[in-house]
Structures are given as structure tokens and as C-alpha cells.
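Residue numbers (my numbering): 177 to 847.
Built from N, CA and C at the ideal position, the CB exists for glycine as well.
In what follows, a single structure is set out as C-alpha cells and then discussed.
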């Protein structure tokens, strides 16, 4: 089997076609995890030109026995057009960015560091980063602030304080210095009710993770659990600050002492589990998932300690929230909107900047998905009519835990969570549970199921087109193609119809709008993605409606048994040749001219150039006044392929040198 970590790193480094790398990227193995299903998961952190790419983390999944790689999760950032040098000094840029947050008094907890960071829209910035401490109306805050190193504008903010067996329990004596005064260690006790509750509920949480998931404390390695009670005065909150738990006493009206609720304690300690696994950024959709995973494990821990599910299982904080009012709760898993602020349907999600981009309000979306997966049923407010089959809390919590610890990364969004939970269900159970997972996400409106709301992915056959595909604006429909060992020249293309569909591809898991292998992103419905040397495994395809579209044809094809040693990669095709003199030079084929197709059909071209060069291939069509590109293949090598379904008209092929010179071969079939 060899060194799996090294093999995984070599896989990422060598597959420039798969990851669209420019050659200046690198990955560092941060952790290797073996699970009890015989799989190994290699976590990696990307760097570009020696700088960390925040949000550029990924997981390579492999069989522990054979070493065969079966999937990749996360995000890889290409260095094709990223800036190299800062234009603004760190102090100036960070001052401007912090000011944009409305923070007036603050202190730096770290020196400024030059990094790359992936923003919420998926754009990558060269940025100055620093940890900043300040106080908001919610209490103490610690954020990592990212300022564009070219303009000084705020491009990202990553909060580190997340609100909601070896133990130490302290008291802050109603102050704010942490950890405070030690009350007792493991095995001790106190007359302080809040301290005893923190100690006991931390123990329950430890035992839940240990017994159910085999996890030794929040870091998986027996870390000591430190808790501080009596924080500040009348403090209506609890939080994890990356090193310990902190509990307020409440004001007696909104909350009683927060350590008194098992689900609150388990919620906060799950933030620590998340930090040591997926490390979901506490902002926007990834932050909502961070909150939701804490809610999910909080209610799961309570049900485990109680010996089963009850009505209170689905209430968060019912033991400490509004002590003068019985029966209510801070949040409701089975009906998130019942709290008056949470969202329970993805199209209705909060997209503003408050609450770190809606981390608490939008957590209701995945909270409801988990509840429906566990207990079954339909959306409580009738937002969808999907009837989700119940699989029980034992299976549901196992699926979400595996998704968090094996498949999610720092930038996972709701659609990525859907993919992660489906992958986890596949690993742990079977098609029945996978279908239930897809139905649960369908019920709360998270895209990814495709094909009329039934969930799942449509499998394609090599070279066989799927016709008449349609979708609404924002719709996402999924397909897959299984590529065998020894295959080459994988070409995935869409064509025809009306409207505007966008093509996304990804190896190993469904693509999302923020994580994909290829996305041409052209107007209309003529788009092509090419992988000259595809990996053995499954490639996933998403058609997303930029606007409503209909009548689209999708085809995926690959070549077997040829094309690797300079011979023709096709049968029955016509061969041409040429030579490019250097970067920027180009030639047209066939033989410097064009051809006319009198009928609709597939135009298929293969290009093979010299090693060490970067030749690109374009298919152009005459529009009545000029030649326009209708398809392209732009890998970083000189091996390209285009398969395009076109209508009648005049066509020509352009071979272009992005870099390098030399002779090339070109093969063509057309109607």
C-alpha cells in the first residue's frame, strides 16, 4: 500500500488536469485519519507561493487496504491569475478593514500575516490576516480579520468565539478574566450548583462522544475539558473560545445559569469537535452548519442520556431558557420558525451580515433536515410536499457525525452538507438511508437532488446523450459518469435548447457553485469540460439554471484502449497536423480552412501536442458576420478534447499556444 499520505499528496500534485493547477500550488498533509470502515482520509492544507490558502483545505479519501483513491472533498484554489505582492502595508490595510466592521477599540492577538483567503463568493484574495480581540454587545469577541493586501477592503472575517475525561471547573467570580479561580479537578465536587452542573454535563457529553462515536474528548486525543462558570454579571450566554467552555449565570429572566442544560453544554463542546475536524468557518452558510451541528449533537446527547427520544429532545435549552415560562425553548429542531427568527427553508435563508451572516437563524434549515431524517414527516409549514421516511435518531446522528468529521471542510455550504451526508449514508448503510438523506434536504429546499424533486443523481452511459433537459432559474440537476481504469479524454458537454444552463463538473462528489473541477460559465447552453487523463472513479455533473432553460442535450464520453502513446485516440476520424512557433501563435484546422455541416450532430476534436507545452483548443462557428467560440478545452497541458453537439453551419478549429512551441496532431469527426 505504501505511504498513503504521500500517495494522496502526489495525487493532488500530479493531477494538474483534475485540479486545474498552475504549478505554483502545494499541499501539506495536516492529518491522516483511519476509520472502522476500512477507509483512510488524508486532510491537506493548500499553499500558494509559500502562503497559506485559508479556505483551501481538502480531504483525499482512499481505501486503506488497496490505497485506491475514491473521492476528494473540499476546495483547491488555482494560482492561474492570483496577485503575488501586497500593495498596502499590513497596519494600514487592517485598520481600514477593522474600521469597516464598526470596531473602535481592539487589540491584536497576533502579528499580521500575508495569506490567500477564499471569500464568501468563492473569489480568492491576497490578504493581510490578524487575530483581533474586542468587545461587542454580545460580550468578548475574537475574530480573524482579512484585509485585501491590494486595496485594504475587508474581504473576510472568521469569528473564533462560538456561542450557544478530564475536567477542570473554575469560577470567574462574576468577572471576565479566564479561566478564573479553580474550584475542583476531575473527581472533585463543590457546593456551587452551576459548577457541579458544568462538570456533570461535560461528563455526559464526553461519555456520549466516547460511547457512540469512539471519540476521546473533543480533539479525539483525550483533551482536558475546562469550564468556567459565573462569567460576568447577568450574562445570558455560553461559548467555546477555542480552549475552554464559558458559562454565564443568566439574568434570571431570559436564562438561568446556562451550565444547567445538558444540550447547551453538548452544543458548546461540539463547537470544539467541529474545530478539530471540519473546522467550519463561523460565517454565512458554513457558520450556520457549524451552529447546526452543535444543535444536532446537543439534542442527540440529551436523547442518549435520557435513553430515548421525547418531545424535549427537539427543544434546545428548554431547561434554562425563560425559567419563569414552562414549555418553551431557545430553538426548536422540529419547527425552527417557532422561535420567531430561525429559517427552515433554504430559498428563504437570511443573506445579510448580522449574526455573522445568519449563523443562528439559518441553522434551522439543517436542524429541520436532521429532525425529518430521524423522525420522518413533511415540512411543518408546508414549504414543500416531500414526505421524508424516518430512519431513527441513531442512524441520523451517525450520518451527520461522519459527514462532519470525514467529508466536510472549512468552507462547506448547505449543498456541500447535502453531498457530505449522502456520502456518509453510503458508507454506513445503503440506498434506503441515502434516499432518506436526499429527501430530507429536498424537504428544506437545499438544492442538489435534481430530476423533479425526487433526489439522487442520474447515471450517464459513455457517449449516449441525454436530451430534453430543462430547469428553472437557480435549479440544480445532477448526473454522473463512471470512468474505468485506462480511460482517457473524458469530455462532458451540453448544447442546444433555449435559455441559459451552466455546466459544473467534479470528481468524487457532486459539484457546488463554490467547489468544482470545471465551470466554463458561458452565455447560452454550449459548454464543454475536458479531462485528458481522467482518474478512475465517478465524475459528477451539475446543470444549474443561470436562467430558465429547456431542450438541453448532455453527453459525457471517454476513450478506452488508445490515445496514450501518440496514436489516434479515435476510430474513423480524420488526422491533421501542424506546428506552433511559440506563445500566442495559433493555427486553424482542418488545414487552415473550415467545413460545412448540413445537419445537426456531434463535432469531436482531439489535440495532442508536445510535452511541457500548454496548447489550447477552440471550436468556432460562423454567426453570419464573424467567427465565435462555441466550445473550448483549456487544460494546462497540450492534450485537449472537445465534443460538441451543434446545429448545421460553418465550423473551424483553432489550435492556440498558451505557452511553448512544437508540432501537434489533431483528429476530427463531424456530421
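Query, Result
"How many angstroms separate the CA atom of residue 361 from the CA atom of residue 385?", "21 angstroms"
"Take the Cβ of residue 491 as the centre, count every other Cβ of all protein chains shown within 10 Å, and call the residue buried at 16 or more, exposed below.", "buried"
"Would you check whether the ligand NAD has a heavy atom nearer than 7 angstroms to the C-beta of residue 728?", "Because no ligand of any kind appears in the structure shown, any question about the ligand NAD cannot be addressed here."
"Could you check whether the stretch 815 to 831 touches the stretch 791 to 801, counting it as contact only if at least three pairs of C-beta atoms, one from each stretch, sit closer than 8 angstroms?", "yes"
"Decide if the stretch 266 to 275 is in contact with the stretch 721 to 736; the criterion is three or more beta carbon pairs, one per stretch, under 8 angstroms apart.", "no"
"Keeping to the same chain, check which residues put their C-beta closer than 6 angstroms to that of residue 184; ignore five residues upstream and five downstream.", "218 and 236"
"Using the C-alpha atoms, what's the distance from residue 493 back to residue 151?", "The requested residue 151 is not part of the displayed model; the chain covers only 177 to 847."
"Is it buried or exposed for residue 784, if we count other Cβ within 10 angstroms and need 16 for buried?", "buried"
"In chain order, what residues of the same chain have a beta carbon less than 8 angstroms from the beta carbon of residue 292, not counting five sequence neighbours either side?", "224, 227, 228, 229, 230, 232, 253, 258, 300, 301, 302 and 303"
"Below 8 angstroms on the Cβ atoms is my contact criterion, and I expect residue 413 with residue 398 to pass it. Report the Cβ-Cβ distance as a whole number of Å.", "Not quite, the Cβ-Cβ distance comes to about 28 angstroms (not below 8 angstroms), so this is no contact."
"Is the beta carbon of residue 715 closer than 8 angstroms to that of residue 659?", "yes"
"Check whether the stretch 277 to 285 and the stretch 310 to 321 touch, using three or more Cβ-Cβ pairs below 8 angstroms as the test.", "yes"
"With H, G and I counted as helix, E and B as strand and the rest as coil, what does DSSP make of residue 359?", "strand"
"Which same chain residues, not among the five before or five after residue 712, have their C-beta less than 7 angstroms away from its C-beta?", "659, 660 and 661"
"Considering only residues of the same chain and omitting the five flanking positions on each side of residue 815, which have a CB-CB separation below 6 angstroms?", "708 and 784"
"Taking just the CA atoms, how far does residue 566 sit from residue 548?", "7 angstroms"
"Since residue 295 and residue 238 should fall inside the 8 angstroms C-beta cutoff, what is the C-beta to C-beta distance between them, to a whole number of angstroms?", "Between residue 238 and residue 295 the Cβ distance is about 31 angstroms, and since that is not below 8 angstroms, they are no contact."
"Can you tell me whether residue 308 is buried or exposed, with buried defined as 16 or more other CB within 10 angstroms of its CB?", "buried"
"For residue 655, name the three-state secondary structure that DSSP assigns.", "strand"
"Residue 635: buried (16+ other C-beta within 10 angstroms of its C-beta) or exposed?", "exposed"
"Look at the Cβ atom of residue 729, then the Cβ atom of residue 809, and state whether they are nearer than 8 angstroms.", "no"
"In its own chain, which residues sit with a C-beta less than 6 angstroms from the C-beta of residue 375, not counting the 5 before and 5 after it?", "343 and 345"
"Under the DSSP definition of a beta bridge, which residues are partnered with residue 239?", "215"
"Please state whether DSSP places residue 224 in a helix, a strand or coil.", "strand"
"Would you decide whether residue 591 is buried or exposed? Buried here means 16 or more other CB atoms lie within 10 Å of its CB.", "buried"
"For residue 282, tell me which candidate among 763, 290, 306 and 297 has the shortest Cα-Cα distance.", "306"
"Please report how far the alpha carbon of residue 674 lies from the alpha carbon of residue 453, in whole angstroms.", "44 angstroms"
"Quick one: what does DSSP say residue 209 is sitting in, helix, strand or coil?", "strand"
"Please say whether residue 557 and residue 505 have beta carbons closer to each other than 8 angstroms?", "no"
"Rounded to whole angstroms, what is the Cα-Cα separation between residue 214 and residue 207?", "17 angstroms"
"Three or more C-beta pairs under 8 angstroms: does that hold for the stretch 470 to 483 against the stretch 444 to 452?", "yes"
"Please tell me whether residue 526 and residue 537 are closer than 8 angstroms, where the distance is taken between their beta carbons.", "yes"
"Quick check on residue 443: does DSSP put it in helix, strand or coil?", "helix"
"Kindly give me the distance between the Cβ atoms of residue 285 and residue 262, rounded to whole angstroms, as I take these residues to be in contact under 8 angstroms.", "Between residue 262 and residue 285 the Cβ distance is about 21 angstroms, and since that is not below 8 angstroms, they are no contact."
"Count the other C-beta atoms from every protein chain shown that fall within 10 angstroms of the C-beta of residue 358, then say buried if there are 16 or more, exposed otherwise.", "exposed"
"By how many angstroms is the C-alpha of residue 839 removed from the C-alpha of residue 192?", "22 angstroms"
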